[in-house]
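Chemist: Below are the C-alpha cells for one structure; questions will follow.
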C-alpha cells in the first residue's frame, strides 16, 4: 500500500529539530519527545501538542511574551 504525503518519522524528526530552535526546548523535553517517537503509538498531533505546551511553560518561566 502506498503512503501519501511525507513519512511520519520524517515529520517527527523535522518537528524535533524545528521546535527545539523555535521554542528552545530543554534537553529533558527533547528526550521526552524522542521517547514518544520510539513508542510509535502516539499520534503526531499529540507530539506537537506536547512540544508546544513544554515550550509555553518555558516561556512563562522566563517571563517572555508569547504572541
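Residue numbers (the working numbering): 5 to 71. C-beta: ideal position from N, C-alpha, C; glycine also.
1) Does DSSP put residue 41 in a helix, in a strand, or in coil?
2) In angstroms with no decimal places, state the Cα-to-Cα distance between residue 40 and residue 52.
3) Does residue 47 come out as helix, strand or coil in the three-state DSSP assignment?
4) Measuring straight from C-alpha to C-alpha, what distance separates residue 55 and residue 37?
5) With a threshold of 8 Å on Cβ separation, who are the neighbours of residue 13 within its own chain once the five nearest residues in sequence on each side are excluded?
Modeler: To lay it out plainly:
1) helix
2) 11 Å
3) In the structure shown, residue 47 sits in coil (DSSP, three-state: anything other than H, G, I, E or B).
4) 7 Å
5) 41
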